[in-house]
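Working notes for the structure below.
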Amino acid sequence: MLERLHELEREGLRDLAQATDEEGLQTWKVKYLGRSAELGRILDGLRTVSKEERPALGKRANEVKRAFEAALEDRQQRQASARLTQALQTERIDMTLPGRRLACGRLHPATQTLRQIVAIWAEMGFQVYRSRDVETEAYNFELLNIPAHHPARDMWDTFYTTTPGVVLRTHTSPGQIHVMRARAPEPIRVVLPGMCYRYEQVSARSEIQFNQVEGLAVGRNITFGDLKGTLTAFARRMFGQQVQTRFRASHFPFTEPSAEMDVECFVCSGTGCPVCKMTGWLEILGSGMVHPTVLANGGYDPEEFSGFAFGMGPERITMLRHRIEDIRSFWANDLRFLEQF
Ligand code: PHE
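Here the sequence shown stands for residues 1 to 341, numbered as in our numbering.
Structure follows, in structure tokens:
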């Protein structure tokens, strides 16, 4: 019997060396370690063996069993690591390929200009004051000294809502009244950026929505000289220290006197080109000294207080700077346009 165990061990180990795959190992396991394997039968049969023979035989049978188990385990591990090595070679990933670029968003060109404008005013001590897009006619017109049925209303073609007296703001100027009423009688230096809406025929030159940046300074002894000096300082920061500016008399119901500011055309440096329509100048903003009626509506005594206000359009400034010819490009959501900025 001992002899047979030796043989069995040799046979088993030899057989195992031939098993080259998972399936072979499985078959081997059934044959040599399975329930009806020869080794199993020998172990079961130990009961019938004589007492003298039993210990040596049992010891040997168990040794063979452990040898089989250890050898099987070793083979299984070798096969697993061989499979891994092979997989690593055949399924190799080429990591030298450049990755796909993630599409990265950026600020809308109008927003870029708007933020630049706001940043310049912030440096000069002007806070940002946010005001609503939906207004009452009172704030959009009456309190700004534009009575109902007054022809001046024609300057602002208006979106009326289905609620009587409620409109989409046609300019950021109603914010002047809001901030004055919130701050009176404290001095004010604010800019009011935001979207405005006009019921207009959409064309290359006019859109039904656009941004404005309104400015307002209220205090004691504020003069037209302050208006000119402050707006000129802004223009230099925005368009370069060398830029020439000029003020032209104008009219707005809520300012008196009123002026429009032009800057020297930065496309042709003032010599005349299609962008400035051969004038050498570009109109940049409307401005003026806050009308006494508007100051009073805001809660400031016009005898004691004065102030200046201005309003400019970031889209218009962006168009001039980049020679964008069609204002509709701003809201057309065409990436070919937007990705240029
Ligand atoms: N609200 C005016 C407009 O929309 C611009 C403006 C603002 C003019 C403040 C003077 C003072 O045209």
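Beta carbons: idealized from backbone N, C-alpha and C, even for Gly. Predicted, not measured: the structure shown is a model, and the values here were computed from it.
With respect to 8 Å, is the separation between the Cβ of residue i and the closest non-hydrogen atom of ligand 3 below this value?
{"i": "Met180", "result": "Questions concerning ligand 3 fall outside what the structure shown contains, since the ligands it does hold are ligand 1."}
Please list the terminal residues of the continuous beta strand (DSSP E) segment that includes residue i.
{"i": "His322", "result": "Not the beta strand (DSSP E): His322 falls in the alpha helix (DSSP H), residues 314-322."}
{"i": "Asp44", "result": "Premise fails: Asp44 lies in the alpha helix (DSSP H), 38-45, not in any beta strand (DSSP E)."}
Provide the residue span of the alpha helix (DSSP H) that contains residue i, from first to last.
{"i": "Gly162", "result": "The residue you asked about is not Gly; residue 162 is Thr in the sequence shown. Neither: Thr162 is in no alpha helix (DSSP H) and is coded neither H nor E."}
{"i": "Thr230", "result": "224-239"}
{"i": "Phe68", "result": "54-90"}
{"i": "Pro274", "result": "That residue, Pro274, is in no alpha helix (DSSP H); it is neither H nor E in DSSP."}
{"i": "Arg336", "result": "335-338"}
Could you pull the DSSP bridge partners for residue i from this structure?
{"i": "Glu135", "result": "Val167"}
{"i": "Tyr197", "result": "Gln209"}
{"i": "Trp281", "result": "Glu264"}
{"i": "Thr255", "result": "Phe252, Val290"}
{"i": "Ile188", "result": "Val218"}
{"i": "Gln26", "result": "Looking at the DSSP assignment, Gln26 forms no beta bridge with any residue, so it has no partner."}
{"i": "Phe310", "result": "Gly215, Ser287"}
Any idea what DSSP makes of residue i, helix, strand or coil?
{"i": "Trp121", "result": "helix"}
{"i": "Thr20", "result": "coil"}
{"i": "Gln112", "result": "helix"}
{"i": "Thr245", "result": "strand"}
{"i": "Gln176", "result": "helix"}
{"i": "Phe330", "result": "helix"}
{"i": "Gly298", "result": "coil"}
{"i": "Gly34", "result": "coil"}
{"i": "Gly355", "result": "Nothing can be reported for residue 355, as the shown portion of the chain is limited to 1 through 341."}
{"i": "Ala148", "result": "coil"}
{"i": "Ala182", "result": "helix"}
{"i": "Gly105", "result": "coil"}
{"i": "Gly12", "result": "helix"}
Quick one: is the Cβ of residue i within less than 8 Å of any heavy atom of ligand 1?
{"i": "Trp331", "result": "no"}
{"i": "Phe310", "result": "yes"}
{"i": "Trp156", "result": "yes"}
{"i": "Phe159", "result": "no"}
{"i": "His150", "result": "no"}
{"i": "Thr136", "result": "no"}
{"i": "Gly219", "result": "no"}
{"i": "Glu214", "result": "yes"}
{"i": "Gly288", "result": "yes"}
By Cβ distance below 7 Å, which residues in the same chain neighbour residue i in space, the five residues on each side in sequence not counted?
{"i": "Gln77", "result": "none"}
{"i": "Gly165", "result": "Thr136, Glu137"}
{"i": "Glu200", "result": "Asp157, Ser206, Ile208"}
{"i": "Lys31", "result": "Ala37"}
{"i": "Phe159", "result": "Val167, Leu168, Tyr197, Tyr199"}
Looking only at its chain, what residues have a beta carbon closer than 8 Å to the beta carbon of residue i, apart from the 5 residues adjacent to it on each side?
{"i": "Glu325", "result": "Ala204, Met319"}
{"i": "Arg323", "result": "Val267, Val275"}
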